[in-house]
Structures are given as C-alpha cells and as structure tokens.
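Participant:
Numbering (the numbering used here), first residue to last: 35 to 380.
1. Which residues does DSSP list as the beta-bridge partners of residue 296?
2. What does the Cβ neighbour count give for residue 52, buried or exposed, with the cut at 16 atoms within 10 Å?
3. According to the neighbour-count rule (16 or more other Cβ atoms, all chains shown, within 10 Å of its Cβ), is residue 369 buried or exposed?
4. How would you call residue 202, buried or exposed, if buried means at least 16 neighbouring beta carbons within 10 angstroms?
5. Should residue 174 go down as buried or exposed, given a rule of 16 or more other Cβ atoms within 10 Å for buried?
6. Can you tell me whether DSSP reads residue 339 as helix, strand or coil?
7. Can you say whether residue 172 is buried or exposed, counting buried as having 16 or more other CB atoms within 10 angstroms of its CB?
8. Check whether the Cβ atoms of residue 210 and residue 289 sit closer than 8 Å, and answer yes or no.
9. Could you check where the alpha helix (DSSP H) with residue 194 kicks off and where it finishes?
10. How is the beta strand (DSSP E) around residue 373 delimited, first residue to last?
11. Check the DSSP bridge columns for residue 163 and list the partner residues they point to.
12. CB residue 225 to CB residue 276, shorter than 8 Å?
13. Put residue 101 into one of helix, strand or coil per three-state DSSP.
14. Tell me whether residue 360 sits in a helix, a strand or coil according to DSSP, three-state version.
15. What do you get for residue 227, buried or exposed, if any count of 16 or more other CB atoms within 10 angstroms of its CB means buried?
16. Would you grab the beta carbon distance between residue 283 and residue 247 for me? Rounded to a whole angstrom, and I think it's under 8 Å.
17. Starting from residue 176, follow the beta strand (DSSP E) in both directions and report where the run begins and ends.
18. Could you give the DSSP three-state label for residue 262: helix, strand or coil?
19. Quick check on the burial criterion: 16 or more other C-beta atoms within 10 angstroms. Buried or exposed for residue 375?
20. By a C-beta neighbour count over all protein chains shown, 10 Å radius and 16 as the cutoff for buried, is residue 324 buried or exposed?
21. Indicate the three-state DSSP secondary structure (helix, strand or coil) for residue 64 in the structure shown.
22. Between which two residues does the beta strand (DSSP E) holding residue 119 run?
23. Assuming residue 257 contacts residue 269 (C-beta within less than 8 Å), just tell me the rounded distance between them.
24. Count the other CB atoms, across all protein chains shown, that sit within 10 Å of the CB of residue 291; report buried if there are 16 or more and exposed otherwise.
25. So if DSSP puts residue 278 in a beta bridge, which residue, or which two residues, is it bridged to?
26. For residue 151, which of helix, strand or coil comes out of DSSP?
27. Report back the beta-carbon spacing between residue 373 and residue 115 to the nearest angstrom; my notes put them in contact at under 8 Å.
28. Do you know offhand how far residue 105's Cα is from residue 316's?
If you want it as structure tokens, here you go:
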C-alpha cells in the first residue's frame, strides 16, 4: 500500500512540475513586457479621459489639439499614437462632384446649409468640382449626376473605395444601365423587370438597427424634424428603376428600391456606394425639401462614419497596439474611439 502511495505521489509531483515548467523556461521578453505595459497605459488613458467626460467633449467639439495635448501628457514619452473615431458622421465631409458647374451649384443648394449642428456636433460639408481623373485624395464622397458607365474608371475607383471613399450616383436607371457590370456588382443592384413601382416612398424597416436604412433614418429625423415613418413623393421615374428590394435598401416604393446603399465593397473591407433615384431637386416645395433632407442624411452616412483626430497624417510603426472605448455624446450618440500606440524607435 505504501508503495502505491509513493508511486501516486511521484505521478502528482511530475504533473505539477510539467505544469509549472513553462513559466520558468518561457518568460515574457523585455520587449513583450514593454508592450503589455504600453497597452495597459493606453487603456488606462482612455478610461481616465472617459471618467472625467473629457473624451466625449473632445469628440463632440472635434477638439483635436486638446485631445492630443492630453494624450501626450498621459502616454509614455517614448511612444507615438494615432486616434480614430467611428460610428458618427465625419465632422468635415469633403464631397467631389463629377458634374457641370451648374450641377455643382445645385448640389450645394440641395445640401444647404452646408454648416449645421447634428446632436450638438458641428458638421461641415464642402463641395468641389472634379473629374474622374482628378479625384482629390481627401475626398470622402464622389457624387455623379446622371448615369455614367464607370467601367473605364474601374482601377481609379477601386483605389478610391479602398481608401474609404463612397461613390454616390444620382440618377434613374434603365435595365442595361443597372446591369453594366459595376452597378450590379459594386453597387449591388439587382434588376427585375416584373416588379412595379407606385405610390409614395418610405424608409425600409427603419427600426432594424442592423440595416443601413436605420442609420440614414436617424440622421434624417434629426436634421429634418420629421419622423422616419413619413413618406416621400416625387422620387424616381415610376416607369423604370426596377431595382429589387433587399437588406441594403434605404428607400422603397411598392416592390422596388429607390435608394440603395452598399458597404464593405472593396477587398480590404472599406468603401461604400449609394444609388439614389432622381427627383426635382431644383424645386422649392415641401416634398422636394424632404428629399433634399434625405439626400443630406445619406451624404452623412456616405462620409464613412470614420475619421482621424490627428493634427497631421501619421503612419503607425509595423508593430503597434490598440486600445478601444465606446463612448456616448451627451448620453445618446454612441461612437467608438480607437487609440493606436507604438514605439517609434523599437
């Protein structure tokens, strides 16, 4: 019996030794300990700024200088960082219009006022005229008035989408146009000659938080003062536009989509597209005004809802760490802030 107990004790001792041996043989390197400390510091920094509500204030006011000053003070001296905000409209939305000078003026008029308050945040839309071959790299939304076959510009637009840009085509569509190889792939449109349109248009299931229509409807409600259960008239030519309804539909009428969005369209998971049926945007009646508000709300979504709060362009080192935090502006507008930190000389 004693022999058996000794054997059992030896087995247990061996198992304990095997279990603890890795802790003695494989210890974190000095570099790994440094990374752990740096990430912990980044998380603590966001927690401190959030607890004092300064983080939400900096984001609400887009106070890049004050936020960066705080981070320089709180993070280790031998580190650098970049700040990224997502989930809310960009504070500055640069819109490029591939159109005539008259259409550029029309776009500014239908988005007026270009500087406005949204949830106590200042939003600024800046419109400029450009061509497909001269897209300003800072552009977030590329607006195209009227149908344009985008196939010859596929490489240019692929780069634009991969940089996080959005293509916004403002036009009615025929069958061949909707199936030109770009509209039915990148834009995700599906033509169906059997379905029909008619009557007023409305948001597609605005209460479903998983759908793009929900985000656009929230923006629309807050800039127009109208409920997202309201209807729109005068949108699209009912004799064409046979685009099917699916989960990416924003506005529909009867059986067809009249505004359709798509996201994560590039290989790197960035880029968005919007097809928006035509309407009398030069009119000044109430129906046209609500469609203008809808256009503006869609542009807010098209901004990418993702931007940097850096004083200048930064390129993180190959090895970097991330700390994230979910915040609320005034307790109602959720956003995510990502703090990317790295050691420049490591």
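Glycine included, C-beta positions come from ideal geometry on N, C-alpha and C. These figures come from a predicted structure and were not determined experimentally.
Facilitator: Considering the structure as presented:
1. Reading the chain shown from its first residue, position 262 is the one you call residue 296. Looking at the DSSP output, residue 296 shares a beta bridge with 307.
2. Within the chain shown, numbered from 1, the residue matching residue 52 stands at position 18. Residue placement at residue 52 is flagged as unreliable, the pLDDT there being 49, under the threshold of 50; the coordinate-derived value follows with that caveat. Label assigned to residue 52: exposed.
3. Sequence index remark: in the chain shown, residue 369 carries index 335 (1-based). It is buried - the Cβ of residue 369 has at least 16 other Cβ atoms within 10 Å.
4. Within the chain shown, numbered from 1, the residue matching residue 202 stands at position 168. Taking every protein chain shown into account, the CB of residue 202 has 16 or more other CB atoms within 10 angstroms, so this residue is buried.
5. Taking the chain shown and counting its residues from 1, one reaches residue 174 at position 140. Burial state of residue 174 is buried, judged by a 10 Å Cβ sphere holding 16 or more other Cβ atoms.
6. The residue given as residue 339 occupies position 305 in the chain shown. The DSSP-derived three-state label of residue 339 is coil.
7. One-based indexing of the chain shown puts residue 172 at position 138. Burial is judged here by how many other beta carbons sit within 10 angstroms of a residue's own beta carbon; residue 172 has fewer than 16 and is exposed.
8. Locating residue 210 in the chain shown gives position 176, counting from the first residue. Locating residue 289 in the chain shown gives position 255, counting from the first residue. No, the Cβ-Cβ distance between residue 210 and residue 289 is not below 8 Å.
9. Indexing the chain shown from 1 puts residue 194 at position 160. Unbroken alpha helix (DSSP H) run through residue 194: 188-196.
10. Taking the chain shown and counting its residues from 1, the one referred to as residue 373 is at position 339. Looking at the DSSP string, the run of the beta strand (DSSP E) that includes residue 373 is 367-376.
11. Taking the first residue of the chain shown as position 1, residue 163 is located at position 129. Per DSSP, 131.
12. Here residue 225 refers to the residue found at position 191 when the chain shown is read from its first residue. Here residue 276 refers to the residue found at position 242 when the chain shown is read from its first residue. The Cβ atoms of residue 225 and residue 276 sit closer than 8 Å to each other.
13. For the purposes of this step, residue 101 is taken as residue 67 along the chain shown, with counting starting at 1. Reduced to three states, the DSSP call for residue 101 is helix.
14. Position 326 of the chain shown holds residue 360. Secondary structure of residue 360 (DSSP, three-state): strand.
15. To locate residue 227, count along the chain shown from 1; it is residue 193. It is exposed - the Cβ of residue 227 has fewer than 16 other Cβ atoms within 10 Å.
16. By 1-based counting over the chain shown, the position of residue 283 is 249. By 1-based counting over the chain shown, the position of residue 247 is 213. Their Cβ separation, rounded to whole angstroms, is 7 Å, which keeps residue 283 and residue 247 in contact under 8 Å.
17. Residue 176 sits at position 142 when you count from the first residue of the chain shown. 175-179 is the extent of the beta strand (DSSP E) around residue 176.
18. For the purposes of this step, residue 262 is taken as the residue at position 228 of the chain shown. In the structure shown, the three-state DSSP call for residue 262 is coil.
19. Within the chain shown, residue 375 is the residue found at index 341, counting from 1. Flag for residue 375 reads buried.
20. Residue 324 sits at position 290 when you count from the first residue of the chain shown. Classification of residue 324: buried, given that the 10 Å Cβ count is 16 or more.
21. Translated into the one-based positions of the chain shown, residue 64 becomes position 30. Residue placement at residue 64 is flagged as unreliable, the pLDDT there being 41, under the threshold of 50; a coordinate-derived value is accordingly withheld.
22. Counting from 1 along the chain shown, the entry for residue 119 is found at position 85. Counting along the chain, the beta strand (DSSP E) containing residue 119 begins and ends at 114-120.
23. Taking the first residue of the chain shown as position 1, residue 257 is located at position 223. Taking the first residue of the chain shown as position 1, residue 269 is located at position 235. The pair is not a contact, with the Cβ atoms about 18 Å apart (cut-off 8 Å).
24. Counting from one through the chain shown, the residue named residue 291 turns up at place 257. If you draw a 10 Å sphere on the C-beta of residue 291, you find 16 or more other C-beta atoms in it, and that means buried.
25. On the chain shown, position 244 is the one that residue 278 refers to. For residue 278, which the question treats as bridged, DSSP gives the partners 290.
26. Numbered from its first residue, the chain shown carries residue 151 at position 117. Collapsing the DSSP output to three states places residue 151 in a strand.
27. As a first step, residue 373 must be located in the chain shown, where it is residue number 339. As a first step, residue 115 must be located in the chain shown, where it is residue number 81. 6 Å between Cβ atoms; contact.
28. Taking the first residue of the chain shown as position 1, residue 105 is located at position 71. Taking the first residue of the chain shown as position 1, residue 316 is located at position 282. Between residue 105 and residue 316, the alpha-carbon positions lie close to 47 Å from each other.
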